[in-house]
């Protein structure tokens, strides 16, 4: 019972002081001294209010505002980055589309110039990296009139022949797959009216050239001469460009002359091709 009575007395004293001070303020006349006291009191309380309340609150508000701004900026940067990635993908797709269109255009131009041949256009649908220089698959087959041994070209030159045929696809054996067991009869164009018989024996993958051996070592050839198919055997038509002589090697030990030939076609960048359905020495 003592503790509540003591608390009650303390509250009554504080209330009395507040009431008395209020009455005093109301009845006292303003004086210079009082004005100074009032100004001091106002300045002091204003400073304390700013230092202890307003400034900390403003700092806290600014802190959370900065956090919000950083989060917003991060979201915007993520969005810009995503848009940039999409634009890069679109640019890559456009570049690929442009290259495809160029390849098709060049192939159509080839069809127009090769009036002695009948070609059907096709597209590569599979090229295994483990057999990159040996085989590839195209999207035309038996139902399109494709048969084995038909020549296959890019817009730049011969790239191989049909190895096997399915109803709607075919496997192409590349010229870069040539070896000692699989040779091609070719001609070296000396001039507009003169050709020399030779054999395409193998592909040098290290130097990226074909090795062509002359059948007659006594004849003279030079760098820059074209190498074309001979048409012998009625398998691959005559006159299809294979490449250009880059250098000549005289092998005295075997009494033979080897021409190193740069392929006309770019075997690293093949997409659209043409299959030769008919041509000289290959008519139905």
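Residue numbers (the working numbering): 42 to 325. Positions of the beta carbon are idealized from the N, C-alpha and C atoms, including for glycine. Just so you know, these numbers come straight off a predicted model, no measurement behind them.
### Task
Write down the C-beta distance between residue 302 and residue 284 rounded to the nearest angstrom, noting that I regard them as a contact closer than 8 Å.
4 Å
### Message
Run through the DSSP bridge pairs and tell me what residue 213 is partnered with.
### Response
177 and 203
#### Entry: Neighbourhood of residue 114 by C-beta, 6 Å cutoff - its chain only, sequence neighbours within 5 removed
none
### Query
Just to confirm, are residue 158 and residue 215 a CB contact at a threshold of 8 Å?
no
### Task
Check whether the Cβ atoms of residue 204 and residue 217 sit closer than 8 Å, and answer yes or no.
no
### Message
Across the stretch 226-243 and the stretch 194-201, are there enough close Cβ pairs to call them in contact, namely three or more that are closer than 8 Å?
### Response
no
### Query
Alpha carbon to alpha carbon, how far is residue 276 from residue 119?
60 Å
### Query
What span of residues does the beta strand (DSSP E) with residue 313 cover, start to end?
313-319
### Query
So, helix, strand or coil for residue 121, using DSSP?
helix
### Query
Just to confirm, are residue 178 and residue 166 a CB contact at a threshold of 8 Å?
yes
### Query
Looking at the structure shown, is residue 114 part of a helix, part of a strand, or coil, going by DSSP?
helix
### Task
Give the straight-line distance between the Cα atoms of residue 170 and residue 312, rounded to the nearest whole angstrom.
15 Å
### Query
Taking the alpha carbon of residue 305 as the point to measure from, which residue in 232, 219 and 249 has its own alpha carbon closest?
249
### Message
With a threshold of 7 Å on Cβ separation, who are the neighbours of residue 206 within its own chain once the five nearest residues in sequence on each side are excluded?
### Response
182, 183, 187, 188 and 189
### Query
Per DSSP, which one or two residues make a beta bridge with residue 270?
227
### Task
Can you have a look at residue 131 and say buried or exposed, based on whether 16 or more other CB atoms are within 10 angstroms of its CB?
exposed
### Message
Going by DSSP in three states, residue 327 sits in which element: helix, strand or coil?
### Response
The structure shown has nothing for residue 327, since the chain only spans 42 to 325.
### Query
Using a Cβ-Cβ cut-off of 8 Å (strictly less than) and excluding sequence neighbours within five positions of residue 42, which residues of its own chain qualify?
Because the pLDDT of residue 42 is 47, which lies under 50, any placement of that residue in the model is unreliable, and the number read from its coordinates should be weighed accordingly. Contacts found: none.
### Presumed contact (8 Å Cβ cut-off) between residue 228 and residue 269, rounded CB distance
5 Å
### Message
Can you tell me which residues form a DSSP beta bridge with residue 238?
### Response
228
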